[in-house]
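Chemist: Residue numbers (our numbering): 3 to 806.
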């Protein structure tokens, strides 16, 4: 753990000159983002070295990355001026120390949260086994792109760059795979905390164009920096409070009117709450739904607040109070928030990319207050390269983030250009478009190896009638589709209400044209009547961007207006359109886009509070309206984190058996599996191919491949490999074929046919363990032993080496 922490501190120190150059005109000069920026530079250089086959992703390529980072930082600070360096240290060391203390504190808290996580400290349940496989692939592949350990013969076709980021620290510290997983999550939390605190405090110091701040005001800024971390990274949505008040974990599945009804019952002391059975819908038609809400019990339900929205899908036969009738089948929509992600501890791309998204927001903020124009590419080449590096990394780490935060950066370029060009001409428009195009080009060139070896699995092959015969629409219809249902008004308030209260109050102080507010009000009423209340975010976005355009200022207020407008646009777009995938509904689209909106609104909500309360603004009578409401919702948001860390109410706070190494404390990677994997690692070539049972998604399978870094034929074919390979004909065909081939291996009846399958699939070792015994109870082991030799047997695990 100490070596890991020292590694990230070293990277942050090496990156300080680079960060201070990139963010040099901001107060604080980018100290908060030096770790994230430095880690990105080292990771990219090491990744590029592995892609060019200089070495694997190991000490050689990571060492070259460190040297490259140090060289770049030295180069951008030339000529070296000792007096200037000492002056910078004297000026900024207290702020640097504050960020280091915040990072260290949250890093330690992140470790504690991991030890007491949703499913304990082990790497098991949900998608953690898959994520462990990706870490293993990144760390152990002899060449890049990393090998897919769950589909032998193919490289990883997933957004794996976030795993590369964390793996840099694993290589430097010598951490095990299990330690890499758990320390990686704590690192993401710590990087996110300093990233958010840096954004908030920088925005507040810019708010009144006042760099020389009084001690009292600096204390206020620091306090709001902490509040920003709380709003973005700690609080949950209001569902935690609502289910606690109603004392039922089923509130998330209710409609708007049903939620109002059960809340009113709870406030009157009526328990258990009931709903009209005629209005009930079902998310599981095979089970009887009760009109009386089941009690939550002593333990807090930590899962359902991440599923606030339920979309109507289709009418079918449902069971209510043990009586069948025709009713509506609902599908859950994922509404995760950062603290839920940290508590669940799935190291998924949307979590790994959080520090990168905050870095992209910081780059955009720097544009909004930059005093001079950017001149790509003859001048400001460093800014162009860093912008391309950051925005390109978002696609390689979590593709959902690249369009959103790339657009934010582009809007920053437009705002900078507009402030220097009050009367734009067509040539000016072409110039700024060219600047944006150069950033996109830089991102594409820097991540070209990823783009050439990755196939996006977004979209579907068919379009519903009659759209399949309409030009253009038929093509777009393969990528996106209209949403079948919309978020309810309680959904939106539960998820975003805490942020909207101070933001709307601040907008009211900024936007004085009553006609604009009238339009927003009318659209809201129409949306409520039509059952699509999210439509109100469209005029909010328009008004915010119109106001920013008219102000034409290079200041943080314009930045806040643009950010709020972008978040509002995201919310309204995904209420009507979704990106088609293997599920073909808006579950994933809402999940990933609401996650972005949460961060954008959380940051600007904190800045809005400063705008409403500082410089004498606290005396305004309107503060008596929004402040109590904000305080009430803040208390509601804190219900979730308090409930899951309170040993009395937490569903998982018992840390008995918890270990920092998530493999050793895992129910998925038990000791017999670890022993068999160690034997494979010590006694077989690294390119050996295993035959194992494909396992059941989210439950078992792939353990030996992950731990030994020896690829197996197929694991989790349905919801994972099948999804990743849906747009790769050869690999997709193999996913289907290998399921049959595995059955032919274990249930073989003909020796020649068995040998043909083993030879065709280039299998070197066949595993016979508990997973295989469960999957193939009629296996013909006697025939298998005629084609392969037993080379390992212990604790119920047998490994056969295929005879040449």
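Built from N, CA and C at the ideal position, the CB exists for glycine as well.
For clarity, every value in this text was computed on a predicted model and none was experimentally measured.
1) What is the DSSP secondary structure of residue 589, reduced to helix, strand or coil?
2) Please list the terminal residues of the continuous beta strand (DSSP E) segment that includes residue 581.
3) With DSSP as the reference, identify every bridge partner of residue 314, one or two as the case may be.
4) Output the distance between the C-alpha atoms of residue 498 and residue 587, rounded to the nearest integer angstrom.
5) Excluding five sequence neighbours on each side, which residues of the same chain lie with their C-beta closer than 7 Å to the C-beta of residue 734?
6) What residues in its chain sit with their C-beta under 8 Å from that of residue 100, if we drop five residues either side in the sequence?
7) Would you mind reading off the limits of the beta strand (DSSP E) that contains residue 793?
8) Thinking C-beta only, is residue 769 closer than 9 Å to residue 711?
9) Since I believe residue 802 is in contact with residue 778 (beta carbons under 8 Å), could you give me their beta-carbon distance rounded to a whole number of angstroms?
10) Determine the direct distance from the alpha carbon of residue 484 to that of residue 331, and round the result to whole angstroms.
11) Tell me which residues share the same chain as residue 328 and place their Cβ nearer than 8 Å to its Cβ, disregarding the 5 neighbours each side in the sequence.
12) Rounded to whole angstroms, what's the CA-CA distance from residue 749 to residue 782? Just pull it up for me.
13) So who's on the other strand from residue 693, going by DSSP bridges?
14) Starting from the N-terminal side, write out each stretch of the beta strand (DSSP E) that is 3 residues or longer and does not extend beyond the segment 466-515.
15) Kindly give me the distance between the Cβ atoms of residue 832 and residue 307, rounded to whole angstroms, as I take these residues to be in contact under 8 Å.
16) If distances are taken between C-alpha atoms only, which option among 240, 93, 60 and 266 comes closest to residue 635?
17) Is it buried or exposed, residue 582, if we count other Cβ atoms within 10 angstroms and call 16 or more buried?
18) Cβ of residue 77 within 9 Å of Cβ of residue 146?
19) Tell me the DSSP secondary structure of residue 383 in three-state form.
20) Thinking just about the alpha-carbon of each residue, which of 375, 398 and 428 is nearest to the one in residue 414?
21) In chain order, which continuous runs of the beta strand (DSSP E) of length 3 or greater are located wholly inside the segment 706-741?
22) Keeping to the same chain, check which residues put their C-beta closer than 7 Å to that of residue 258; ignore five residues upstream and five downstream.
23) Kindly indicate which residue of 160, 402 and 92 has the alpha-carbon position closest to the one of residue 808.
24) When the Cα of residue 656 is compared with those of 65, 577, 122 and 91, which residue comes out closest?
25) Which ranges would you report for the alpha helix (DSSP H) in the segment 400-435 if only whole runs of at least 4 residues count?
26) Suppose the cutoff is 8 Å on Cβ atoms and the five residues either side in sequence are ignored; what does the same chain contact list for residue 805 look like?
27) For residue 146, report the span of its beta strand (DSSP E) as first-last.
28) Under a Cβ-count criterion, where at least 16 other Cβ atoms within 10 Å of its own Cβ denotes burial, should residue 503 be classed as buried or exposed?
29) Quick check on this structure: which residue in 717, 753, 558 and 519 has the alpha carbon closest to the alpha carbon of residue 736?
30) Which residues in the same chain have their Cβ closer than 8 Å to the Cβ of residue 372, if we skip the five residues on either side of it in sequence?
31) Whose C-beta lies closer than 6 Å to the C-beta of residue 213 among residues of the same chain, with five residues either side of it excluded?
32) Are the beta-carbon atoms belonging to residue 840 and residue 367 less than 9 Å from one another?
33) From 530, 616 and 302, pick the residue whose C-alpha is nearest to that of residue 2; which is it?
34) Alpha helix (DSSP H) containing residue 538: first to last residue?
35) Among 653, 713 and 664, whose alpha-carbon lies nearest the alpha-carbon of residue 251?
36) Taking the C-alpha atoms as reference points, what is the distance between residue 721 and residue 161?
Modeler: So, from the data block:
1) Reduced to three states, the DSSP call for residue 589 is helix.
2) Per DSSP, residue 581 is one residue of the beta strand (DSSP E) stretching across 579-581.
3) 332, per the DSSP bridge assignment.
4) Approximately 22 Å, taken between the alpha carbons.
5) Only residues of its own chain outside the window of five on either side were considered, and among them 727 and 728 have a CB closer than 7 Å to the CB of residue 734, listed in chain order.
6) Excluding sequence neighbours, residue 100 sits near 224.
7) Note, residue 793: beta strand (DSSP E), 790-796.
8) Residue 769 is positioned such that its CB atom lies no closer than 9 Å to that of residue 711.
9) Cβ atoms of residue 778 and residue 802 stay farther apart than 8 Å, at about 14 Å.
10) Rounded to the nearest angstrom, the two C-alpha atoms are 19 Å apart.
11) For residue 328, the CB contacts under 8 Å within the same chain, skipping 5 residues up- and downstream, are 317, 318, 319 and 320 in chain order.
12) When rounded, the distance between both Cα atoms is 5 Å.
13) Residue 693 pairs with 768.
14) Runs of the beta strand (DSSP E) inside the segment 466-515: 482-484.
15) Examination of residue 832 is not possible in this model, given that the chain is present from 3 through 806 alone.
16) When C-alpha distances from residue 635 are compared across 240, 93, 60 and 266, the shortest belongs to 240.
17) Buried.
18) Contact: no.
19) Of the three classes helix, strand and coil, the one that applies to residue 383 here is helix, per DSSP.
20) Per the C-alpha coordinates, the member of 375, 398 and 428 positioned closest to residue 414 is 375.
21) Annotation note: the segment 706-741 contains no uninterrupted beta strand (DSSP E) run of length 3 or greater.
22) A distance below 7 Å between beta-carbons, with the five flanking residues on each side excluded, links residue 258 to the following residues of its chain, in chain order: 490, 491 and 492.
23) There is no way to answer for residue 808, as the model of the chain reaches only from 3 to 806.
24) Ranking 65, 577, 122 and 91 by Cα distance to residue 656 puts 122 first.
25) Listed in chain order, they are 403-422.
26) For residue 805, where only same-chain residues beyond five positions count, the Cβ hits under 8 Å are 789, 790 and 791.
27) First-last for residue 146: undefined, no H or E at that position.
28) Per the 10 Å Cβ criterion, buried.
29) Of the candidates 717, 753, 558 and 519, the one whose C-alpha sits nearest the C-alpha of residue 736 is 717.
30) Non-local C-beta neighbours of residue 372 in its own chain, meaning closer than 8 Å and more than five positions away in sequence, comprise 27, 418 and 556, ordered along the chain.
31) Residue placement at residue 213 is poorly supported in this model, since its pLDDT is 49, which falls under 50; the coordinates still yield a value, given next. If we look at residue 213 and ignore the five residues flanking it on each side, its Cβ neighbours are 29.
32) There is simply no residue 840 to check, as the chain begins at 3 and stops at 806 in what is shown.
33) Shown here, the chain extends from 3 to 806; a query on residue 2 therefore has no answer.
34) Per DSSP, residue 538 lies in no alpha helix (DSSP H) segment and is marked neither H nor E.
35) When only C-alpha atoms are compared, the closest one is 653.
36) If I take the Cα positions, the gap works out to 16 Å.
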